[in-house]
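Protein chains in written order, with full-length UniProt numbering: chain A, 1 to 207; chain B, 1 to 146; chain C, 1 to 502; chain D, 1 to 213. Glycine included, each C-beta is placed from N, C-alpha and C at the ideal position. Fair warning: this is a prediction, and the values are worked out from it, not measured in the lab.
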């Protein structure tokens with residue numbers, strides 16, 4: 001705990017003591033959520049009951065939504081909770097109902113290649129963190145350049161209080177058009193793959 | 001289908017969820033939320049209803065044939081806003097063209113509301129469409145012998 | 001007035017047409033509508049190409065927001081070439097699809113199929129046109145999701161289309177996610193998403209974050225373009241997709257991924273970035289191995305579509321080879337091959353589709369003595385096949401010739417002569433697999449003399465058009481080579497330094 | 001060293017999460033589980049993005065209080081639409097300020113941002129709407145300060161851009177899941193199984209049968 005306090009103090013040198021404990025509390029919450037996330041993810045590997053895996057995946061989404069709130073991303077948290085924990089879970093459950101309830105045991109001998117891929121990829125990422133700007137640094141290029149620009153310009157350009165909405169719908173509105181088309185594509189795909197008539201929702205199984 | 005308590009709960013929740021979806025849809029400028037979240041919530045109200053009362057009853061309220069139309073219209077509303085601005089001399093999706101003389105960027109506001117509506121409609125229709133597609137399929141007997 | 005919006009029009013035209021297409025009341029209408037849209041997009045792309053060839057790269061701020069706040073379209077000469085190519089392929093494939101798809105999917109799916117096709121087309125165009133790195137991801141996913149579905153539609157004929165589409169979906173999504181991770185890393189050191197701006201901000205930086213970002217982005221795109229050994233999804237996907245879908249995908253999707261790769265290698269990272277040399281060496285080696293491996297596998301396949309699919313993997317090796325030279329000539333050669341290969345492969349896959357329409361099989365055994373029964377299709381197939389080998393007077397010869405010239409004009413870690421020998425050797429492998437099919441078609445006796453189903457004009461004309469274009473580009477290729485060279489120059493010129501050009 | 005670790009442990013845990021997802025994708029044969037793994041992998045990448053947009057002492061990027069009005073009162077004073085905005089998000093301020101997670105986080109004052117500027121840096125006010133001009137400004141840190149000065153803002157916000165990107169990515173993710181699941185359902189109907197090993201075996205059988213024909 002003292003280490004965390006030290007860190008918090010280092011991050012915000014000349015702030016009153018109240019501030020430091022506040023930061024320490026938020027760091028503690030972050031660590032707690034991260035631990036839970038890791039526990040959830042790891043237990044998903046071994047579980048063969050797919051219903052349970054789907055539930056864990058929903059829990060994972062909820063936890064990450066909580067983490068997003070801790071990191072100030074309220075819009076993302078909202079969406080992740082609605083989509084990841086809600087819609088995705090319903091979809092996966094209906095998928096499981098139509099496919100299989102349990103996973104077959106996995107062949108131990110074939111774990112080598114996946115492990116290799118995972119370690120190389122993870123290694124590359126850890127390697128990159130060595131030169132990475134520190135977490136939460138307002139001076140980091142990621143936070144100081146275009147991101148800060150949006151915060152500065154939104155009141156003048158768009159005048160919408162929620163900067164995320166302003167960026168989403170106006171500055172980067174074309175991305176959002178693309179996103180809408182992606183959703184449309186997914187709906188169309190389900191229609192093409194599972195529907196029995198184009199204008200129907202697919203009643204009664206196969207074609 | 002469904003337990004009594006479940007049905008009562010769903011019946012009570014149905015209207016507030018839809019209301020909440022509308023709130024999220026139109027309040028996205030000020031607080032968290034927007035078209036996408038609203039669409040998901042709206043669709044989830046109907047999915048919940050279908051879970052409690054059966055797919056048939058839900059499909060009587062929202063026939064499956066409406067959904068592709070809703071999906072397409074949603075995209076068209078969004079893209080149409082862009083085309084509108086294009087035709088009126090601006091760049092694609094340049095909302096300032098909608099109300100060029102406004103001092104407080106009314107064009108931006110109208111544009112954002114329009115595209116968010118498009119997103120909301122497209123997402124709600126698509127989510128329901130996907131759910132219909134899955135729920136309409138008959139599960140087969142399965143072997144879980146392993 | 002609308003001419004100012006030319007850069008964005010070829011992308012949003014099919015994008016808006018797709019939902020309209022879904023709403024159209026009858027199937028016949030939707031096919032014709034999609035075709036008209038594709039031709040419209042083609043005409044717009046060619047106008048854009050002309051404008052860029054004379055006036056330089058086009059920029060367009062979407063939503064009126066300038067870079068780096070907004071998403072900006074930036075189309076250079078190479079991009080305009082690829083956009084024209086993709087829209088030409090869509091315009092030619094769609095009339096073909098109207099006829100061919102009726103036999104391959106259910107009737108009620110047809111208008112949704114055309115909507116999906118248009119989405120895929122729009123996605124591919126968007127990837128090429130955009131100058132924003134994250135927008136690349138969004139449009140890549142638009143085209144990918146629609147592609148998975150289009151491939152899976154082959155399931156009515158062969159259920160393996162489903163597993164092929166699933167494998168493609170998993171690997172494609174991993175590729176896209178790798179791309180997003182790489183983008184995140186770059187964003188961390190630059191704080192921006194505009195490609196040119198990333199390049200500017202990254203100037204002089206060569207730290208571990210940038211290197212990892214480079215590796216992730218290149219791996220992600222390499223998965224999408226089926227670079228050996230990440231090609232596993234491609235052969236099955238091409239083999240089991242409906243004929244028209246294969247003809248379109250084989251001639252466009254990997255080409256667009258190649259362009260995205262070029263864009264990131266040269267526009268975003270540029271030459272002064274030291275780590276790039278490692279990547280180019282990788283491309284060289286993997287390109288050579290891929291050429292060899294895939295051509296060899298192709299020889300031993302019994303399914304003609306599978307043979308051509310493996311040949312596509314081999315051809316990607318040629319393009320990577322050109323890129324790995326990292327010179328104007330090399331990249332120019334790669335672009336020439338992108339165009340040539342797209343044209344010949346679409347002719348070939350259209351011919352294969354025509355045979356399937358008439359005979360109902362892709363097996364080599366079904367091709368026995370087809371020359372007598374389907375002389376026109378056989379002719380188109382042979383022209384494409386000869387071009388694949390690289391016989392003079394066909395397009396394939398030109399691209400190999402330019403590639404060999406570029407090899408001699410550059411310094412490589414592998415002896416140039418060896419590279420040239422490998423190119424020649426892999427052409428010999430192509431002789432083997434094309435020759436095998438040609439032998440079966442021309443010289444073997446058919447199993448029975450039953451007349452085959454007549455192939456409608458809607459399929460024959462696009463096929464002949466592409467075969468004709470293969471021949472034309474083999475004889476009068478000066479313009480294309482010049483254009484591609486100029487495109488390569490502008491592509492490499494936007495990067496840092498522009499040092500190692502010949 | 002401790003500082004080094006403390007500034008990065010977040011990233012390392014997120015990397016571990018990503019790799020768990022990737023491992024499930026590659027190691028499991030069940031198609032549905034593969035998709036769930038893919039989902040896990042993507043969600044972890046989202047966490048990675050959001051992590052990098054966090055600013056210490058920052059708050060959610062929703063403009064608080066009536067700052068927008070303060071800054072631009074002279075432009076559209078007395079505008080009705082605007083004043084309703086003001087009250088509408090005024091309420092939100094309260095709800096966020098009382099959020100325990102944000103306590104103590106939300107008060108980075110302007111003086112502090114000031115202090116971080118190099119001594120010679122001038123704090124000229126950028127002309128209205130000159131986006132490019134501002135964007136190319138020399139010191140990024142200066143921008144924050146400038147922005148804060150321009151609008152009379154006293155609050156430091158977390159970076160909204162990663163949030164926007166991830167909103168888009170979440171949608172793409174759920175779309176992919178939906179398409180993947182419908183493929184899995186069709187595979188189950190066509191093959192009777194969703195286990196990769198069995199599917200491969202069946203496909204190989206099909207191949208052999210075709211060669212014999």
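Top-ranked residue by Cα proximity to residue i, from the options
i: residue 285 of chain C; options: C:316, C:376 and C:259; result: C:316
i: residue 174 of chain D; options: A:184, A:98 and A:171; result: A:184
i: residue 248 of chain C; options: C:260, C:119, C:45 and C:346; result: C:346
i: residue 233 of chain C; options: C:306, C:281, C:282 and C:262; result: C:306
i: residue 154 of chain C; options: D:190, D:160 and D:162; result: D:190
i: residue 229 of chain C; options: C:282, C:340 and C:348; result: C:282
i: residue 147 of chain B; options: B:133, B:138 and B:76; result: Residue 147 of chain B lies beyond the stretch modelled for chain B, which goes from 1 to 146, so this question has no answer here.
i: residue 221 of chain C; options: C:136, C:184, C:210 and C:239; result: C:136
i: residue 192 of chain A; options: D:198, D:180, D:200 and D:197; result: D:180
Where residue i falls: helix, strand or coil (DSSP)
i: residue 72 of chain C; result: strand
i: residue 4 of chain C; result: helix
i: residue 62 of chain D; result: strand
i: residue 60 of chain B; result: helix
i: residue 59 of chain C; result: strand
i: residue 143 of chain A; result: helix
i: residue 30 of chain A; result: helix
i: residue 30 of chain D; result: strand
i: residue 49 of chain A; result: strand
i: residue 329 of chain C; result: helix
i: residue 10 of chain D; result: helix
i: residue 191 of chain D; result: helix
i: residue 27 of chain C; result: helix
i: residue 198 of chain D; result: helix
i: residue 277 of chain C; result: helix
Beta-carbon spacing of residue i, residue j below 8 Å
i: residue 121 of chain A; j: residue 63 of chain D; result: no
i: residue 6 of chain B; j: residue 52 of chain B; result: yes
i: residue 26 of chain A; j: residue 135 of chain B; result: no
i: residue 38 of chain C; j: residue 87 of chain C; result: yes
i: residue 195 of chain C; j: residue 132 of chain C; result: yes
i: residue 512 of chain C; j: residue 355 of chain C; result: No answer is possible for residue 512 of chain C: the residues shown for chain C start at 1 and end at 502.
i: residue 157 of chain C; j: residue 200 of chain C; result: no
i: residue 143 of chain C; j: residue 243 of chain C; result: no
i: residue 190 of chain A; j: residue 37 of chain B; result: no
C-alpha gap between residue i and residue j, whole angstroms
i: residue 104 of chain A; j: residue 57 of chain C; result: 55 Å
i: residue 94 of chain B; j: residue 62 of chain C; result: 7 Å
i: residue 67 of chain D; j: residue 250 of chain C; result: Caution applies to residue 67 of chain D, whose pLDDT of 44 falls short of 50 and renders its modelled position unreliable; the model cannot decide the point.
i: residue 13 of chain B; j: residue 40 of chain B; result: 16 Å
i: residue 46 of chain B; j: residue 59 of chain C; result: 44 Å
i: residue 171 of chain A; j: residue 42 of chain B; result: 26 Å
i: residue 158 of chain D; j: residue 78 of chain B; result: 28 Å
i: residue 118 of chain D; j: residue 50 of chain D; result: With a pLDDT of 37 at residue 118 of chain D, under the threshold of 50, the modelled position of that residue is not reliable, and the figure given next carries that caveat. Using only the alpha carbons, I get a separation of about 29 Å.
i: residue 25 of chain D; j: residue 43 of chain D; result: 13 Å
i: residue 87 of chain A; j: residue 326 of chain C; result: 47 Å
i: residue 195 of chain A; j: residue 115 of chain C; result: 15 Å
i: residue 12 of chain D; j: residue 186 of chain C; result: 18 Å
i: residue 148 of chain C; j: residue 123 of chain B; result: 20 Å
i: residue 9 of chain C; j: residue 95 of chain C; result: 22 Å
i: residue 24 of chain C; j: residue 350 of chain C; result: 27 Å
i: residue 405 of chain C; j: residue 329 of chain C; result: 8 Å
i: residue 189 of chain C; j: residue 162 of chain D; result: 14 Å
i: residue 160 of chain A; j: residue 104 of chain B; result: 10 Å
Would you list, in sequence order, the uninterrupted beta strand (DSSP E) runs of no fewer than 3 residues that lie entirely inside the segment 165-225 of chain C?
-> As far as the segment 165-225 of chain C is concerned, it has no whole beta strand (DSSP E) run of at least 3 residues.
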